[in-house]
Amino acid sequence: MNKISFVFPGVGSQFTGMGKELYNEFPVFKETIEEASDLAGTDIFKVWQDADQKQRLNELNFAQISLLTISYASYRVLQAELGIEPDMMIGHSLGEYSALCCDGIMSFSEAIPLVQKRGECIISAAEQLKGTMLWVINVDTQIVEQVCDQLRQGGIEVYPSAYDTSTQCSISCFKDDIFTIAKALEDKGALVYPLNLSGPFHSPLMQQAAMDFEKVLDGCTFQPQTSRVIANETAKLYSSDVKGHLTRQLVSPVKWFQSLDLLEASGVSTIVEVGPKEVLTYLTQKSEKPFKAYTFNTIQHLNTLKNDLVVAEDEYLMKISACKGVAVATRNYYTKNSNYQQDVVAPYREIAKIEESIREGREVASEQHLKQALVHLNTILNNKRVPADIQQASLTHLLSDKFKHLV
């Protein structure tokens, strides 16, 4: 398989009517929602579907529970229907908890009350501050950092709070300083938009929330293991200090763009956003990185993922058979080879044996069988002394789309 990353959205992606199609179609999705409702003491799905309860859905605490629940439920559908295991995972802000649940570092039953406590700590701290956030676009984030540094030297507290792309970020500050900050950024060519948020989230201004939440985390236990989750605050894979990561996340910017850098460097080629809306899919596409981005929150999305990412047995068999075709059709550049039977015919027969074993039902076609066939094909092409560029072109044509990671 290609290396795949699942990404999970944060607060702001919730909307009235979300999850209805998956809830009606997949028992595992419904069961997860019902478990969360029992843990939270309220009918979560009913609130999602009721337009009259939109205000409640958008309340920070309820939105956090909702995003965690629907993302984890969607992940369980992907597991049940497609069996896809991600190589790496990222969650945007609250979405990091979804990633940690899917990675097994924390259980879903423990995550719901933990996220509730997280929300309480955030709300309590934000109520003591007249803070907010601004969205800044059209200018390099390094310039935004420089402006924030200069303003802080003048006594204005303003901090980057999320790096979404190289030219798009958010900043946190006090409401009284909005116009001064906006003017300083606009003078650098930025476009600045106030966000309708109740606090200066993901910044040092939320230190009280971090201190309160740290006490909550003292009562939690997490599963020690090698994580596939990238931490927002470091843009690196989680260490064993889960409590430290989650505490520092509240006072640190979300390093989304930098996390995509790590995915790219790690060989990830496919990203699947697991949860409502397509915010992270949009950010992935806007990053201009060579990822193929998908969204999953409908049955149609599921079918697309199945067609594009899941390889059926007959598809492996077709590629194994095609290896024979390439072996035969490729010109022999070493016509004086006295060991032709051993160097070319013998490995061809090995490919034929793999194909025959599958067709006769003795084995089930898999990626491992295709890899074995490719080893024999490479032997044939090398022994025919086929130029490297022609070999590469042949393999690229043979192993397109789902199989390109084998080139």
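Here numbering that gives the first Met the number 0 is used: the first residue of the sequence shown is 0, the next is one more, and so on. Idealized CB from N, CA, C, for every residue including glycine.
Beta-carbon to beta-carbon, threonine 280 and leucine 194 are separated by about 20 Å, too far to satisfy the 8 Å threshold. By the C-beta density criterion, serine 286 is buried, having at least 16 other C-beta atoms within 10 angstroms.
Counting along the chain, lysine 318 sits inside the alpha helix (DSSP H) bounded by residues 312-328. In the structure shown, the three-state DSSP call for phenylalanine 5 is strand. Three or more beta-carbon pairs separated by less than 8 Å are not found between the region 309-318 and the region 190-206, which leaves the two stretches without contact. Bounds of any alpha helix (DSSP H) do not take in phenylalanine 295; it lies within the beta strand (DSSP E) bounded by 291-295. Within the same chain, Trp47, Ile69 and Pro275 come within 7 Å of methionine 17 by CB-CB distance, once the 5 residues on both sides are set aside. Where alanine 209 is concerned, the enclosing alpha helix (DSSP H) starts and stops at 206-216.
Counting the other Cβ atoms within 10 Å of the Cβ of lysine 174 gives fewer than 16, which makes it exposed. Taking the C-beta atoms as reference points, valine 267 is found nearer than 7 Å to lysine 2. DSSP places threonine 166 outside any beta strand (DSSP E), giving it a letter other than H or E. Here the alpha carbons of alanine 292 and glutamate 119 stand approximately 34 Å from one another. When only Cα atoms are considered, leucine 259 and tyrosine 333 end up about 46 Å apart. For threonine 225, the closest C-alpha among the options Asn306, Met88, Arg361 and Gln248 is that of Met88. Distances from the CA of isoleucine 122 to each of Leu376, Phe200 and Gln248 were compared; the closest alpha carbon is that of Phe200. For threonine 303, the enclosing alpha helix (DSSP H) stretches over residues 298-308.
Here DSSP, grouped into helix, strand and coil, assigns cysteine 172 to strand. Here the region 156-167 makes contact with the region 139-148; the two share three or more CB pairs at distances below 8 Å.
Shortest Cα-Cα distance from lysine 129 to any of Ser97, Asp176 and Ile64 involves Asp176. In the displayed model, glutamate 272 falls within a strand according to three-state DSSP. Within the same chain, no Cβ atom closer than 7 Å to the Cβ of aspartate 240 is found once the five residues on either side in sequence are excluded.
Proximity to valine 344 across Val327, Gly198 and Glu359 peaks at Val327, based on C-alpha coordinates.
By the CB criterion at 7 Å, serine 12 and valine 271 fall outside the cutoff.
In this chain, the alpha helix (DSSP H) harbouring leucine 21 covers 19-24.
Remark: C-beta atoms of alanine 234 and leucine 196 do not approach each other more closely than 7 Å. Under the 10 Å beta carbon count, alanine 98 is surrounded by 16 or more other beta carbons and is classified as buried. For the options Lys19, Gly94 and Leu81, the alpha carbon positioned closest to that of leucine 249 is the one of Gly94. Between the alpha carbons of tryptophan 255 and asparagine 377 lies a distance of about 40 Å. Here isoleucine 350 carries a helix assignment [DSSP, helix/strand/coil]. Taking the Cα of arginine 348 as reference, the smallest distance to any Cα among Asn331, Gly360, Val374 and Arg330 is reached at Val374. Assigned with DSSP and collapsed to three states, proline 223 falls in coil, not helix or strand.
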